[in-house]
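Structure, as structure tokens:
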């Protein structure tokens, strides 16, 4: 028996004082890491010895106790993080988290609430977060919502509602196997892959998602959208939804939501807005006008774990018409019978609005974040990221060895090192190698993407800890490493 | 500016010592609740004043700081939990959580890893948890898996793989809109509603999920399954999968997995096993033989947050054929390009095996739980629940005022108060009222279900804190409250 074992057979610690001391030490350890975040490398590769230690096939027959488990965590896991809590993490679109959110996760874990339904305070917290969210985006009072893992699932739920609302017949009962409905949807070529994945999963098929061309600012070409819908109608398809993007993953471009919304209403198409991170720009007074039209969304997906820095994972879907939302997912078998009162009350239950019946208390970390910081302070961090991205774009533009590959629309800077002597392929390879070098040397962590067939170094400022000294270090790192590599060619 | 504001504009606390003190106090507060769990009511209704305080429409423009947020949490939320951390919570199938899991949630929140992919220690932790899981159920070394919110999503993923594997044509590209594939699936009438929801979401349509009758032990009638498949083939349908249940939600019945598996292989049908909670009975040597055949699953879904008491939410899907799993979900656009080295390495990425691209470090609380307690101790808690359920069933059977409504197959006891003078409808109403009374008086929290058209009080022992004194209190509560109600009729 390990020392934690209790004679009563429960999984609670025998000695609460010892458990308290372990928790306090764990808290102190994490504070030490937060307080000195900039002093560590952004990232370091996971040593083979660590991989080997985490590669065992057999599950642990006998426990080693909490203290030994925590030691193993500190030795094997904690030193090799994703890197996104570091000020010089600038890759993909990762939020950087907050100490407030981490504490909320402990409290949520301790309460261990199941938000699938029933009557208890946690469901009221999630409802409050959803109300706050719909207010933020200007959706009407009756709009419903659900917290989910992220925008991918939120988009899946939004498009399931669109299918329910627009598909002829009873799609839940008959499926799409019954007849040739030939539903078609529309999004831009710069849209996120999760839209394609949702079409696949829903049985719509990705060939029925039309990828509309973009304009010079990489926004959906609304004229081309109109033509595509008209052509499909003429060909006997059944256009049913448009997915607009508020902040594309490549460059942060924001589609013309007002124009697309107008077209959708006119054509009786469902408007889903993928606002994964860009939607939160509504918190910045100077940026909010660029999101005009977002309030017309029939469904809207966004993340709290990106630009609001709630710890992973936490996303949200909002649905304008609560009735359609519930009609898409509600199913209450006997064992989930609703009660007028008691714990089985609390109708409607959240499981009637999505896929999961067991749902953690994800809402608490969002509630803590919004309440502790307030929209103003969270918005200031977003504004600072955008201002710093513009500043970085200017530094790139004025540096002869670098070139900007796309306009800085929001918070994303796509650039690269250039050298007229190198072939396009060699230049792509060199820039890709520089990014891997930056990671491996722990200097900075941008990611890469392709723009117009060229590999771009992509710096996404979605990090409340980043300041201009970090961006200067990124550019200096790129130039130094690129020169070093170029010299060996 | 709130007192937490930092002049540097980050969301980190200005004063780390103050933050440390807040965290330590929060830890102490939760320990106090755990250590005195039995002394509180199981549940109490959420007062109107609390609902009103959580009903504000407008998001907080200005933050109130962490300390005030925590006070509001302690006042409004903490006193009104789901109740499943209490020893006399016996409703639905809820795990009761552990202090170890809560601490792991804090650590995961602090690391803030995104497990969508890339190369960092957390992805190796999730891989280890998946390897441990496949070993537990006897799936082969090549089997893949993914941690998800729960069995509902796990079943959706499993059935998406089944559709990919068995549907003629390229279902991701064409969808089900192309032609009359008429795929049909099979599960028992006692199966969980999540199977129906998965059929709906995947565009298969719930009318193409055949609900096979059950035998006297409420297990799928394998003969009836065979007949249903043959009849569908004869009628031009395309049978593609069977969903067997290891532990039904109503009574804990376990389908004959070996016989169903044999039939599936013979007929080239995909076998998905919904092992949401019952699958974990493999940890109990006396129960494991009843799960024989589970190792034949093509996909298997189960939860860590139920009988392993990992905090909500944490489920898992395992897929026998990694190639099919990846072929069902993989999509790597330019902005997710794989790298040979650096942070963008770490192939394959978890986002290629499921719906979500942003994925929290759910694996850590599972890893902590398995490693700290070990399978033996977790299995003992499960064994104790089953033994106590049998004991409770015997107490019901020997009590003239009560009747047992189904065999105690595993850990679930369905019973009710009886009174020959009352009509069936009045008896149903009385037993439902007794359950709500039990909740409202904070005595115990069973749930209800319907069996053979009769309302059952349903006690599910999925709680490591429950002992026989709690079960005796449940029975005493039922009898006292039922007599009181009957006296007023």
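Chains as they are written, first to last, in the working numbering: chain S, 1 to 489; chain W, 1 to 489.
The beta carbon of each residue, even a glycine, is placed where N, CA and C say it ideally should be.
Keep in mind it's a predicted model, so treat the numbers as computed, not measured.
Taking the Cα of residue 421 of chain W as reference, the smallest distance to any Cα among W:466, W:489, W:433 and W:395 is reached at W:489. In this structure the segment 109-122 of chain S does not lie against the segment 396-403 of chain W, because fewer than three pairs of beta carbons, one per stretch, are closer than 8 angstroms. The beta carbon of residue 389 of chain W sits closer than 6 angstroms to those of 408, 411, 413 and 461, all from its chain and outside the five residues before and after it, given in chain order. One finds 97, 101, 102, 103, 104, 105, 106, 311 and 365 in chain W with Cβ atoms closer than 8 angstroms to the Cβ of residue 109 of chain S, taken in chain order.
Under the Cβ criterion (8 angstroms, minimum of three pairs), the segment 134-151 of chain S does not count as touching the segment 76-96 of chain W.
Annotation: residue 95 of chain W to residue 61 of chain S spans about 21 angstroms, alpha carbon to alpha carbon.
Beta-bridge analysis with DSSP links residue 226 of chain W to no other residue. Judged by beta-carbon spacing, residue 477 of chain W lies within the 8 angstroms limit of residue 443 of chain W, meaning their Cβ atoms are closer than that value.
Collapsing the DSSP output to three states places residue 366 of chain S in a helix. About 20 angstroms separates the beta carbon of residue 271 of chain W from that of residue 249 of chain W, a gap too long to meet the 8 angstroms contact definition. Using beta-carbon distances, residue 435 of chain W counts as an interface residue toward chain S, with a partner under 8 angstroms.
Interface residue (Cβ-Cβ distance to chain W less than 8 angstroms): residue 337 of chain S is classified as such.
For residue 303 of chain W, the enclosing beta strand (DSSP E) has its first and last residue at 299-303.
It is roughly 30 angstroms from the alpha-carbon of residue 257 of chain W to the alpha-carbon of residue 360 of chain S. Using a Cβ-Cβ distance cut-off of 8 angstroms, the segment 307-323 of chain W and the segment 349-369 of chain W are in contact, since at least three pairs of beta carbons, one from each stretch, lie closer than that value. Any Cβ of chain W closer than 8 angstroms to the Cβ of residue 377 of chain S would place that residue at the interface, and such an atom is present. A straight line joining the alpha-carbon of residue 332 of chain W with that of residue 247 of chain W spans about 37 angstroms. The count of Cβ pairs closer than 8 angstroms, one atom from the segment 367-380 of chain W and one from the segment 159-175 of chain S, stays below three, leaving the stretches out of contact. Within the DSSP secondary-structure output, residue 415 of chain W pairs in a beta bridge with W:404 and W:457. At least 8 angstroms separates the CB of residue 146 of chain S from every CB of chain W.
Residues of the segment 124-145 of chain W with a C-beta atom less than 7 angstroms from some C-beta of chain S are 124, 125, 128, 131, 132, 135 and 136, listed in chain order. When DSSP states are grouped into helix, strand and coil, residue 272 of chain W belongs to the strand group. Neighbours of residue 208 of chain W in chain S, taken as residues at a C-beta separation under 8 angstroms, are given in chain order as 175 and 177.
Per DSSP, the beta-bridge partners of residue 318 of chain W are W:145 and W:300. Straight through space, the alpha carbons of residue 450 of chain W and residue 430 of chain W are spaced by roughly 14 angstroms. Residue-level contact check: residue 202 of chain W touches chain S, since one or more beta carbons of chain S fall below 8 angstroms from its beta carbon. Beta-bridge partners of residue 239 of chain S (DSSP): S:184. The distance from the Cβ of residue 116 of chain S to that of residue 367 of chain S is about 18 angstroms, inconsistent with a contact at the 8 angstroms cut-off. Counting C-beta pairs closer than 8 angstroms gives fewer than three between the segment 129-136 of chain S and the segment 13-20 of chain W, which falls short of the contact rule. Around the beta-carbon of residue 58 of chain W, fewer than 16 other beta-carbon atoms lie within 10 Å, marking it exposed. In the three-state scheme derived from DSSP, where H, G and I count as helix and E and B as strand, residue 344 of chain W is classed as coil.
For residue 31 of chain W, the closest of W:92, W:415, W:100 and W:403 by C-alpha to C-alpha distance is W:100. Among the CB atoms of chain S, one or more fall inside 8 angstroms of the CB of residue 45 of chain W. The Cβ of residue 427 of chain S sits no closer than 8 angstroms to any Cβ of chain W.
The alpha carbon of residue 309 of chain S has as its nearest neighbour, out of S:88, S:97, S:86 and S:27, the alpha carbon of S:97. Between the segment 63-72 of chain S and the segment 62-72 of chain W there are fewer than three inter-stretch CB-CB distances shorter than 8 angstroms, so the stretches are not counted as touching.
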